[in-house]
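Engineer: Residue numbers (the numbering used here): 623 to 984.
A virtual CB, placed ideally from N, CA and C, is assigned to each residue, including glycine.
Just dropping this structure here.
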Ligand code: NAD
């Protein structure tokens, strides 16, 4: 197999473009920050139109990971990988083994885990060639396994917190959940168990049928769920759902969800703010999964994960308190808190050069 890696830099972020044509592998790793530790973030396996789209997604997601890891108090920097999903039939195991060689070439500066389009099984394949991957099945009493239930728990606790600080009980509150995948479906079950009334949507009928088999919910169409008459809108599908078209139509007072990069542009938070809609910054509330991944990386006990995820509402509360005190939107506050945490950490002594030998046949 021939693996080629090309490094470049964009506005302080390092990019590593990789390609192993015989394994149908191509993509990019973006490293945003190493100030707090190795750059950690998921591996997204998605069909992109072009390299510019891949780069934009990887860079945006890597910055989000820096902020998320800092705000969650983790000893990790921020990074993300995006891998182009081939259009033709391909050997998935060979592709992810080749991706493992990319991680080896980066010598642990970037740590991968699951993201949209990848599974714990993919990560096990990556682990067969590289130690720089997490989100693997848990062993003994140590942390590990699917991060999604932890993400769902953090979002659930955040919704409960936002309602309660506004004097509303969770039981009887109406909550619209957009996207019934690994996180969204689990979140619905937790909300239903505590008496919330659900409105749900997904682009896949199967996902709706699966949830509604045991959880009562009103079903909305995917392009109208944000307009539902609810107390909380929880975006749990893909990013960019909060934009100049959808925000004027949202009737919920609170937006609290799992999706990464919910705001399509930095101006959209101001738009939400001007409409009096409280937006809980996505990377503060959806940190449960990376908290579990970090615990696996650090070799912590599974029990520690619960205690750390339970602290998410405390961090959200600090952001919302400051937002209320200053009149600034919560995501501006969270961004500046995260930047301060990153800036106050010592700069890494040495940047490990990439393994040039990776650019030959292996
Ligand atoms: P997933 O792929 O399992 O589920 C996403 C669901 O959204 C799918 O059922 C899909 O059909 C649905 N969907 C896609 N577009 C939609 C649309 N326009 N309207 C309605 N439904 C739509 O992903 P997941 O692991 O549940 O993650 C959900 C979101 O949370 C993603 O943005 C992800 O980046 C973010 N997130 C996930 C984790 C985690 O631990 N899994 C951690 C942090 C953030």
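Is DSSP giving residue 643 helix, strand or coil here?
Structural biologist: Residue state, collapsed to three classes: helix.
Engineer: Between which two residues does the alpha helix (DSSP H) holding residue 906 run?
Structural biologist: First-last of the alpha helix (DSSP H) with residue 906: 904–907.
Engineer: Using the three-state DSSP reduction, which class does residue 773 fall into: helix, strand or coil?
Structural biologist: It is helical.
Engineer: Determine the direct distance from the alpha carbon of residue 835 to that of residue 1051, and round the result to whole angstroms.
Structural biologist: Coverage of the chain is limited to positions 623 through 984, which leaves residue 1051 absent and any answer about it impossible.
Engineer: Go through its chain and collect everything with a Cβ distance to residue 794's Cβ below 8 Å, but skip five positions before and after it.
Structural biologist: 817, 818 and 819.
Engineer: So if DSSP puts residue 889 in a beta bridge, which residue, or which two residues, is it bridged to?
Structural biologist: Answer is none; residue 889 lacks a bridge partner.
Engineer: Opposite residue 702 in the DSSP bridges: which residues?
Structural biologist: Per DSSP, 652.
Engineer: Under the three-state reduction of DSSP, which class applies to residue 667: helix, strand or coil?
Structural biologist: It is a strand residue.
Engineer: Taking residue 676 and residue 645 to be in contact with their CB atoms under 8 Å, please state how far apart those CB atoms are, rounded to whole angstroms.
Structural biologist: Not confirmed; about 17 Å, so no contact.
Engineer: Excluding five sequence neighbours on each side, which residues of the same chain lie with their C-beta closer than 8 Å to the C-beta of residue 768?
Structural biologist: Once the five neighbours on either side are set aside, the close Cβ partners of residue 768 are 736, 742, 757 and 804.
Engineer: Ends of the beta strand (DSSP E) at residue 725?
Structural biologist: Here residue 725 belongs to no beta strand (DSSP E); instead the alpha helix (DSSP H) covers 714–727.
Engineer: I'd like to confirm the pairing. Which residues does DSSP put opposite residue 840 in its beta bridges?
Structural biologist: Beta-bridge pairing links residue 840 to 821.
Engineer: Say yes only if the C-beta of residue 740 is nearer than 7 Å to one or more non-hydrogen atoms of the ligand NAD, and no if none qualify.
Structural biologist: No, the ligand NAD has no heavy atom inside 7 Å of this Cβ.
Engineer: Give me, in chain order, the residues of the same chain whose beta-carbon lies closer than 6 Å to that of residue 873; leave out the 5 immediate sequence neighbours on both sides.
Structural biologist: Closer than 6 Å at the Cβ level, and outside the excluded window around residue 873, lie 851.
Engineer: Since residue 966 is in the alpha helix (DSSP H), which residue starts that stretch and which ends it?
Structural biologist: Unbroken alpha helix (DSSP H) run through residue 966: 952–966.
Engineer: Let's test the definition: count the other Cβ atoms within 10 Å of the Cβ of residue 914 and tell me whether it reaches 16, buried, or not, exposed.
Structural biologist: Per the 10 Å Cβ criterion, buried.
Engineer: Buried or exposed: residue 788, going by 16 or more other Cβ atoms within 10 Å of its Cβ?
Structural biologist: Per the 10 Å Cβ criterion, exposed.
Engineer: In this structure, how does DSSP classify residue 796 when only helix, strand and coil are distinguished?
Structural biologist: Here residue 796 sits in strand by DSSP.
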